[in-house]
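Read through the structure below, which is laid out as structure tokens, and then see the notes.
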């Protein structure tokens with residue numbers, strides 16, 4: 013049988029002939045992996061040639077070029093709503109010889125808007141199509157990682173957005189503290205600020221616990237949204253993991269109060285390391301707009317990496 017690209021054949025038992033290995037399946041699987049490697053190497057070679065050209069033909073660093081391309085297909089199904097399927101592409105172009113802390117990303121969505129669990133774990137709709145390019149400038153100031161990411165949206169008219177973030181990790185015995193502060197400005201939300209203080213506890217080799225505390229203020233709508241919750245992580249094996257989450261969502265419209273309870277179960281599985289991974293996230297949300305009645309939803313994501 014074929015398991016994750018490795019061929020296993022059971023030992024012959026008395027009176028039982030071993031089943032032959034399915035060579036056709038093996039061949040197709042190996043060809044897909046080889047094609048993925050070929051495409052990845054082609055992207056790497058193009059990025060390296062561009063890097064050396066912009067650097068005057070001189071190799072100034074021995075750092076490997078970490079250019080990668082990700083293609084994502086997501087399916088969202090919410091109770092009493094039509095099923096939505098959408099695909100996105102992201103190109104992370106790294107040019108280490110040009111500038112150690114500089115990278116360029118081309119994406120079909122604005123990834124800078126994914127600031128916390130509200131736009132990741134609790135997402136019930138696909139990312140809004142928004143083709144553009146982001147330049148990232150990164151610098152460590154002591155233990156604080158600083159990033160400045162201006163983005164140009166390829167629209168008519170062209171729009172520009174900015175993000176300035178400060179984040180760090182305080183690693184203590186048995187837990188980690190993740191503080192983050194981000195200032196942003198874009199045409200949809202105006203100026204705003206995001207803040208988060210999340211705690212991660214390592215309970216054992218299998219179990220972990222994350223406490224989520226995040227808030228975001230949008231100046232145009234004067235909306236302040238907060239998410240508090242907990243996520244219990246379970247490692248099934250080297251390729252698979254489960255996450256059990258409970259979140260409380262609140263905002264200040266019309267006055268600050270609870271808006272929804274959400275229970276989620278996330279399954280992540282890495283089919284081929286750095287090549288193909290999938291995730292399945294069923295949720296039950298009890299929103300105020302539905303008189304806190306349950307609304308079911310599920311999302312399925314497939315990521316192909318080159």
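Residue numbers (the working numbering): 13 to 318. Cβ atoms here follow ideal geometry from the backbone N, Cα and C, with glycine treated the same way.
Separation of residue 282 and residue 48 (C-alpha to C-alpha, rounded to the nearest whole angstrom) is 15 Å.
The three-state secondary structure of residue 285, taken from DSSP, is coil.
In this structure, the CA atom of residue 247 is about 44 Å from the CA atom of residue 170. Residue 318 is a Cβ neighbour of residue 51, given a cutoff of 8 Å. In this structure, the CA atom of residue 53 is about 14 Å from the CA atom of residue 82. Secondary-structure assignment with DSSP links residue 51 through no beta bridge to anything. Taking the C-beta atoms as reference points, residue 96 is found no nearer than 8 Å to residue 287. Take the alpha-carbon of residue 159 and the one of residue 149: they are about 6 Å apart.
Under the DSSP assignment, residue 236 falls in the beta strand (DSSP E) whose first and last residues are 235 to 247. Each residue's CA atom was taken as its position, placing residue 99 and residue 85 some 4 Å apart. Between the region 196 to 208 and the region 220 to 232, the count of C-beta pairs closer than 8 Å reaches three or more; the two stretches touch.
Residue 280 has its alpha-carbon roughly 8 Å from the corresponding atom of residue 289. For residue 212, the enclosing beta strand (DSSP E) covers residues 202 to 214. Per the coordinates, the alpha-carbon of residue 226 lies some 12 Å from the alpha-carbon of residue 263.
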